[in-house]
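**Q**
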Amino acid sequence: MTEDEKMQVAVFRFSVISDFIHSPSMSQQEKSRLLHEKCSRKWQIPFSEKTRISKSTIRRWIRVYSKSNSDLKSLCPHGRDDQGGCRAMDEETKLLLTQMKMKLPSATVPHLIDEMKRAYPEIKLNNSTVYRFLHKNDLMNPGLKNPADRRKFEAELPNDLWQSDVMHGPLVQVNEKKQKAYLIAIIDDHSRLIVYARFYLSEAIASYLDALENALARRGLPRKLYVDNGAAFRSKHLEYVCAGLSIALIHSKPFQPQGRGKIERWFKTVRSRFIAHNKAATLAELNTTFEDWLINDYQQKIHSATGQSPFDRFTSKMHCLRTAPANLKDYFRKVVRRTVNRDRTITIDGRLYEGPVVLIGKRVELLYHESNPEHVEVRYQNESFGMIRPVDLHVNCRVKRDKNNNPQMQTQPQKASYQGGKLWGGKNE
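Residue numbers for the sequence shown follow numbering that gives the first Met the number 0, so the first one is 0 and each next one is one higher.
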């Protein structure tokens with residue numbers, strides 16, 4: 000498994016345990032309920048066919064992450080001791096096991112294995128293999144479905160939970176053409192304060208990251224960020240940003256927006272109280288009038304559910320907020336991994352950069368903003384080796400080496416000399 004793949008797994012594992020990490024005051028009963036809920040659901044686990052996670056595994060991840068002083072890399076996977084061994088059942092065994100389970104739907108795993116041994120003595124099974132197979136294929140309790148338990152909820156404090164989504168907005172004038180604007184908004188669950196909202200010409204990840212960075216800089220760090228399953232919200236870049244800042248990124252289930260009810264209701268407010276009266280022609284005009292309405296109207300009016308204005312309710316408990324780090328912008332850099340070539344060069348998006356000599360042959364991390372590719376930081380084994388620069392081929396052609404292979408810069412270009420003579424040689428005419 001490559002370093003990139005290991006980090007993807009680490010980010011996924013953090014998303015599973017983040018509820019426990021950010022809720023230390025949770026009662027034992029709540030922890031047990033949450034743990035059972037996470038073990039009962041299906042997951043899309045990176046680079047694995049498994050869809051379930053055991054209680055012991057989740058507890059181990061929590062323990063490892065806590066002992067590492069919140070180091071995300073502590074959640075990276077390690078090689079198995081039994082690497083290369085056979086841990087799976089063949090297709091025929093799976094079919095026979097499925098048929099046996101359908102015949103005996105209430106049978107426990109040990110009972111099922113006993114029945115399989117009686118019917119097929121040549122088949123060898125163990126509890127964990129059968130348990131994983133039945134869980135993965137929803138065969139533990141065939142036909143048994145529990146109704147969803149949906150209740151109203153509210154975060155206890157400001158920045159405990161943010162909800163975020165995108166709303167399709169009005170058409171605006173762009174280069175003599177009409178183009179749709181998209182409202183990207185983030186609401187604080189406790190206070191209903193809009194921590195940041197702005198219209199963009201795209202709902203892609205670049206627009207969302209800009210909105211999120213502005214929200215964090217203005218209002219501090221949330222413990223959880225609740226989003227839907229749109230393409231921008233499923234971005235690996237967004238996962239890395241949130242994991243780096245210890246923000247639990249939570250995705251709602253597909254086609255079930257109930258958990259994001261507050262942001263959905265606020266969008267209705269925007270449509271009725273702002274969009275319906277909007278006369279802005281350009282994106283700049285739209286954002287100017289929208290910001291004025293947001294600050295002076297919505298944020299200051301008494302909310303029917305809380306009895307306070309969103310602004311007053313948010314600011315009344317500001318001592319509980321986590322402030323954003325001074326180097327917040329660095330957390331939004333894109334991270335790629337490259338091997339430094341023997342000539343010290345590294346390629347990023349078709350551009351050549353020159354790395355440190357000591358890193359030749361090493362697999363390094365490169366951090367940069369796509370909008371500013373001139374500034375790229377290189378890291379190796381969690382240590383920064385500073386900024387690397389684009390290759391200057393004209394300067395490099397003047398670098399010579401002494402007999403010990405040490406580089407020496409030729410400060411003055413060589414002067415061209417000319418000696419007269421005949422082009423073809425031969426006798427004088």
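For each residue, glycine too, the CB sits at the ideal point set by N, CA and C.
Which residues mark the beginning and the end of the beta strand (DSSP E) in which His134 is found?
**A** Counting from one through the sequence shown, the residue named residue 134 turns up at place 135. Looking at the DSSP string, His134 is not in any beta strand (DSSP E); the run it does join, the alpha helix (DSSP H), is Asn126 to Lys135.
**Q** For Gln162, count neighbouring Cβ atoms within 10 angstroms of its own Cβ and tell me buried if that reaches 16, exposed if not.
**A** Counting from 1 along the sequence shown, the entry for residue 162 is found at position 163. The residue is buried, with at least 16 neighbouring Cβ atoms inside 10 Å.
**Q** Please list, in chain order, all residues of the same chain as Glu48 whose beta carbon is under 8 Å from its beta carbon, the five residues on each side excluded.
**A** Reading the sequence shown from its first residue, position 49 is the one you call residue 48. The answer, listed in chain order, is Lys135.
**Q** If you count every other CB in all the chains shown that lies within 10 Å of the CB of Asp296, and 16 or more means buried, which is it?
**A** Within the sequence shown, numbered from 1, the residue matching residue 296 stands at position 297. By the 10 Å Cβ count, Asp296 comes out exposed.
**Q** Can you give me the start and stop residues for the alpha helix (DSSP H) that Trp292 sits inside?
**A** Position 293 of the sequence shown, counted from the first residue, corresponds to residue 292. Run containing Trp292: Leu282 to Asn295, per the alpha helix (DSSP H) assignment.
**Q** So, at 7 Å on beta carbons, what are the nonlocal neighbours of Ser55 in its own chain, with the 5 sequence-adjacent residues on each side left out?
**A** In the sequence shown, counting from the first residue as 1, residue 55 sits at position 56. Nothing meets the Cβ criterion.
**Q** Mind checking which residues open and close the alpha helix (DSSP H) that includes Glu91?
**A** For the purposes of this step, residue 91 is taken as the residue at position 92 of the sequence shown. Taken as a continuous stretch (DSSP letters only), the alpha helix (DSSP H) holding Glu91 covers Glu90 to Lys102.
**Q** Assess, as a yes-or-no matter, whether the segment 161-176 is touched by the segment 224-234 under the definition of 3 or more beta carbon pairs within less than 8 Å.
**A** These segments touch.
**Q** Measure the alpha-carbon distance for Phe254 versus Asp227 and round it to whole angstroms.
**A** The residue labelled residue 254 in the question sits at position 255 within the sequence shown. The residue labelled residue 227 in the question sits at position 228 within the sequence shown. Confidence in Phe254 is poor, its pLDDT being 45 and thus under 50, which makes the residue's placement unreliable; the coordinate value appears in the next sentence. Those two C-alpha atoms are separated by around 9 Å.
**Q** Indicate whether Asp209 and Tyr199 have their beta-carbon atoms separated by less than 9 Å.
**A** Position 210 of the sequence shown holds residue 209. Position 200 of the sequence shown holds residue 199. Yes; because the gap between Cβ atoms is below 9 Å, this pair is in contact.
**Q** What's the gap between the Cα of Lys144 and the Cα of Thr92?
**A** As a first step, residue 144 must be located in the sequence shown, where it is residue number 145. As a first step, residue 92 must be located in the sequence shown, where it is residue number 93. Confidence at Lys144 is low in this model, with a pLDDT of 46, below 50, so its placement is unreliable and no value can be given for it.
**Q** For Ala180, name the three-state secondary structure that DSSP assigns.
**A** The residue labelled residue 180 in the question sits at position 181 within the sequence shown. Ala180: strand per DSSP, three-state reduction.
**Q** Threshold first: 3 residues or longer. Then list the beta strand (DSSP E) segments lying entirely within the segment 298-383, N to C.
**A** You should have 333-338, 344-347, 350-353, 362-368 and 371-379.
**Q** Give the DSSP-derived three-state secondary structure of Ser234 in the structure shown.
**A** The count along the sequence shown starts at 1 and reaches residue 234 at position 235. Coil.
**Q** Whole angstroms are fine: how far does the CA of Phe11 sit from the CA of Glu238?
**A** As a first step, residue 238 is located in the sequence shown; it is residue number 239 there, counting from the start. As a first step, residue 11 is located in the sequence shown; it is residue number 12 there, counting from the start. One C-alpha to the other measures close to 8 Å.
**Q** In whole angstroms, what separates the C-alpha of Tyr330 from that of Leu192?
**A** Position 331 of the sequence shown holds residue 330. Position 193 of the sequence shown holds residue 192. Each residue's Cα considered, the two are about 24 Å apart.
**Q** Alpha carbon to alpha carbon, how far is Lys300 from Gln307?
**A** For the purposes of this step, residue 300 is taken as residue 301 along the sequence shown, with counting starting at 1. For the purposes of this step, residue 307 is taken as residue 308 along the sequence shown, with counting starting at 1. Roughly 8 Å between the two C-alpha positions.
**Q** Mapping the DSSP letters down to three states, classify Met25 as helix, strand or coil.
**A** Walking along the sequence shown from the start, residue 25 turns up at place 26. Note: Met25 maps to coil in three-state DSSP.
**Q** Going by beta carbon distance, what residues of the same chain come within less than 8 Å of Glu479, once the five residues before and after it are set aside?
**A** Given that the chain is displayed from residue 0 to residue 428, the structure contains no residue 479 and the question cannot be resolved.
**Q** When the Cβ atoms of the segment 361-374 are set against those of the segment 332-339, are three or more pairs found closer than 8 Å?
**A** The segment 361-374, when compared against the segment 332-339, does touch it at the 8 Å Cβ threshold.
**Q** What is the residue span of the alpha helix (DSSP H) that Ala154 lies within?
**A** Position 155 of the sequence shown, counted from the first residue, corresponds to residue 154. Element bounds for Ala154: n/a, residue is neither H nor E.
**Q** Relative to the C-alpha of Asn381, which residue among Glu263, Pro355, Asp70 and Leu33 is closest?
**A** Position 382 of the sequence shown holds residue 381. Per the Cα distances, Asp70.
**Q** CB Tyr225 to CB Ser201, shorter than 9 Å?
**A** For the purposes of this step, residue 225 is taken as residue 226 along the sequence shown, with counting starting at 1. For the purposes of this step, residue 201 is taken as residue 202 along the sequence shown, with counting starting at 1. Taking 9 Å as the Cβ cut-off, Tyr225 and Ser201 do not qualify as a contacting pair.
**Q** My output table needs one value for Pro120: the three-state DSSP class, helix, strand or coil.
**A** As a first step, residue 120 must be located in the sequence shown, where it is residue number 121. The answer is coil: DSSP assigns Pro120 none of H, G, I, E or B.
**Q** How would you write the range of the beta strand (DSSP E) that Ile249 sits in, first residue to last?
**A** If you number the sequence shown from 1, residue 249 lands on position 250. Note, Ile249: beta strand (DSSP E), Ala247 to His250.
**Q** Mapping DSSP to helix, strand and coil, what is Val390?
**A** On the sequence shown, position 391 is the one that residue 390 refers to. Of the three classes helix, strand and coil, the one that applies to Val390 here is coil, per DSSP.
**Q** Which term fits Lys261, buried or exposed, when burial requires 16 or more other beta carbons within 10 angstroms of its beta carbon?
**A** Position 262 of the sequence shown, counting from 1, holds the residue named residue 261. Result: buried.
**Q** Is Ile112 helix, strand or coil when you go by DSSP?
**A** Position 113 of the sequence shown holds residue 112. Looking at Ile112 - three-state DSSP - the assignment turns out to be helix.
**Q** Cutting at 6 Å between CB atoms, please list the residues of its own chain near Ala9, excluding the five before and the five after it.
**A** Along the sequence shown, read from residue 1 onward, the residue named residue 9 stands at position 10. The residues are Leu71, Leu74 and Cys75.
**Q** Just list the beta strand (DSSP E) runs in the segment 188-224, keeping only unbroken ones of 3 residues or longer that don't cross its boundaries, in chain order.
**A** Counting whole runs of 3 or more residues, the segment 188-224 contains the beta strand (DSSP E) stretches 193-199.
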